[in-house]
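Residues 1 to 152, numbered by UniProt numbering, are exactly what the sequence shown covers, in order.
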Amino acid sequence: DKQGLNIELTNRMSLFYANATPMLRCLGDFTSEFVQQNPDIPLDLTTELLCTMARVCLRMLDTPDLLAQFERDSTALFVMRVMTGLLILIDHVAPQGVFVKSCNVDVKAAVKLLKDQPPARSEALLNALRYTTKHLNQDTTPKQIKHLLAIS
């Protein structure tokens, strides 16, 4: 069936051309565009807002008393997703990215927290950090973070 072949070919091609995380890519592009189109809003304010939100997510996840207050297990997974998305957004918006030491987020702790989760909960999030961030492979990224995010 010619139609089936076209669909199969299209699916194979999408593996090479499609974005791995289209929603995060869209958010990253939109946030970067917002920053560029609003020079009257200092970039530091936007970056600091995103960093603060990421730190709050990390604190909620790494503090047992706070984590115990979640009524459903799915809430912790949601907070992990939000934290990961924020790290990616920061990396797209901040000129030096999220992985530099001067960034106000403990990325190493966030990655360790994700790695301590069962793979079914965290592998997609770790892959999003590996393949959607802009600055991971730069020289300014600490070797420890590169090692933590290395594919095992």
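Ideal placement from N, C-alpha and C gives every residue a C-beta, glycine not left out.
8 angstroms contact criterion, which residue i and residue j should meet: CB distance rounded
i: residue 90; j: residue 105; result: 7 angstroms
i: residue 113; j: residue 62; result: 6 angstroms
i: residue 83; j: residue 49; result: Between residue 49 and residue 83 the Cβ distance is about 14 angstroms, and since that is not below 8 angstroms, they are no contact.
i: residue 135; j: residue 97; result: 3 angstroms
i: residue 55; j: residue 125; result: That belief does not hold up - the Cβ atoms of residue 55 and residue 125 are roughly 17 angstroms apart, past 8 angstroms.
i: residue 101; j: residue 144; result: Incorrect: roughly 11 angstroms between the Cβ atoms, too far for contact.
i: residue 60; j: residue 79; result: 6 angstroms
i: residue 99; j: residue 47; result: Wrong, their Cβ atoms sit about 14 angstroms apart, outside the cutoff.
Residue i versus residue j: straight-line alpha-carbon distance, rounded
i: residue 31; j: residue 9; result: 34 angstroms
i: residue 133; j: residue 38; result: 23 angstroms
i: residue 43; j: residue 93; result: 8 angstroms
i: residue 139; j: residue 129; result: 17 angstroms
i: residue 22; j: residue 67; result: 29 angstroms
i: residue 17; j: residue 28; result: 18 angstroms
i: residue 76; j: residue 33; result: 30 angstroms
i: residue 71; j: residue 117; result: 18 angstroms
i: residue 69; j: residue 12; result: 44 angstroms
Burial state of residue i (16 or more Cβ within 10 Å)
i: residue 26; result: exposed
i: residue 52; result: exposed
i: residue 110; result: buried
i: residue 149; result: buried
(message) Please give me, in chain order, every unbroken run of the beta strand (DSSP E) with length at least 3 that falls completely inside the segment 113-147.
(response) none
(message) As an exercise, report each continuous alpha helix (DSSP H) stretch of at least 4 residues that is fully enclosed by the segment 23-65, in chain order.
(response) 43-62
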